[in-house]
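For the sequence shown, this note's numbering begins at 2 and goes up steadily by one.
Every residue gets a Cβ at the ideal spot worked out from N, C-alpha and C, and that includes glycine.
Heads up, the thing below is written out as structure tokens.
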Amino acid sequence: MPHNRAVFDWMDENLADVLPTDEIKSYLYVGWCRVTKEWWMTTLVSNLDIEKVGLLEVFKGNFDKFKAKNPGHVEATLGSIADFAKLYSKGQWDMVYWDHGPEHAESIEMLESVTETLKEYTKVILYACPWGSCPQKEMYGNSFEKHSVPIYEKHFLNMGMEVKTFGEVDTRAAGEIVAWWIKE
């Protein structure tokens with residue numbers, strides 16, 4: 002499910018004020034697919050004045066397509082966010098942005114575990130996903146596209162994150178949630 006315009010507008014207008022931009026010089030984007038907007042690699046990087054950009058993608062088909070069109074300045078890795086601690090060293094990425102990915106976690110417990118790992122390894126975590134129930138099955142041979150868990154504000158709040166919602170909860174095309182955590 003693509004972001005609605007309100008999410009992009011809010012991020013464009015507010016992220017630089019919400020996040021500690023002077024501390025974010027490197028950022029890892031998690032979850033690229035063929036319909037991913039270039040916003041994460043262009044506008045967000047420019048708005049936050051980021052110097053180093055990386056990509057983590059779990060599905061080889063998506064990874065290969067990204068590598069074929071990669072502009073060269075993005076450090077791409079094939080792997081799962083569940084294996085973050087095996088793939089990266091502490092402090093390698095200042096910010097991790099898991100875009101439309103939390104709903105693909107196998108369970109809320111897995112999402113909590115990933116979040117705890119990211120808190121040890123990064124300064125900033127940013128998540129965006131459907132708000133509530135948003136069923137989706139495997140697509141284009143990619144079993145990772147299945148939405149496994151509905152995500153509500155309480156899940157992110159219980160992980161110590163700030164939350165912003167858009168649209169209506171439990172509606173396929175309208176509801177989205179953005180959550181962030183900043184290391185103190």
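Are the Cβ atoms of residue i and residue j separated by less than 8 Å?
i, j, result
"residue 181", "residue 109", "no"
"residue 123", "residue 94", "yes"
"residue 129", "residue 59", "no"
"residue 33", "residue 63", "yes"
"residue 51", "residue 82", "no"
"residue 119", "residue 85", "yes"
"residue 170", "residue 106", "no"
"residue 28", "residue 54", "yes"
"residue 113", "residue 160", "yes"
Take residue i as the anchor and find which of the options has the nearest alpha-carbon.
i, options, result
"residue 8", "45, 29, 31", "45"
"residue 185", "65, 64, 121", "121"
"residue 168", "30, 131, 101, 162", "131"
"residue 152", "163, 177, 138", "177"
"residue 103", "88, 154, 49, 39", "154"
"residue 172", "73, 77, 133, 146", "133"
"residue 101", "22, 38, 23", "38"
"residue 48", "74, 175, 11", "11"
"residue 17", "117, 143, 96", "96"
Can you tell me whether DSSP reads residue i as helix, strand or coil?
i, result
"residue 180", "strand"
"residue 20", "coil"
"residue 108", "coil"
"residue 90", "coil"
"residue 257", "Given that the chain is displayed from residue 2 to residue 185, the structure contains no residue 257 and the question cannot be resolved."
Quick one: measure Cβ to Cβ for residue i and residue j, integer angstroms, because I've assumed they're closer than 8 Å.
i, j, result
"residue 20", "residue 183", "7 Å"
"residue 40", "residue 30", "In fact, because the Cβ distance is near 10 Å, the residues do not count as touching under 8 Å."
Self-check item: Start-end ranges of the beta strand (DSSP E) lying completely within the segment 40-96, minimum 3 residues
Solution: 53-58, 75-79
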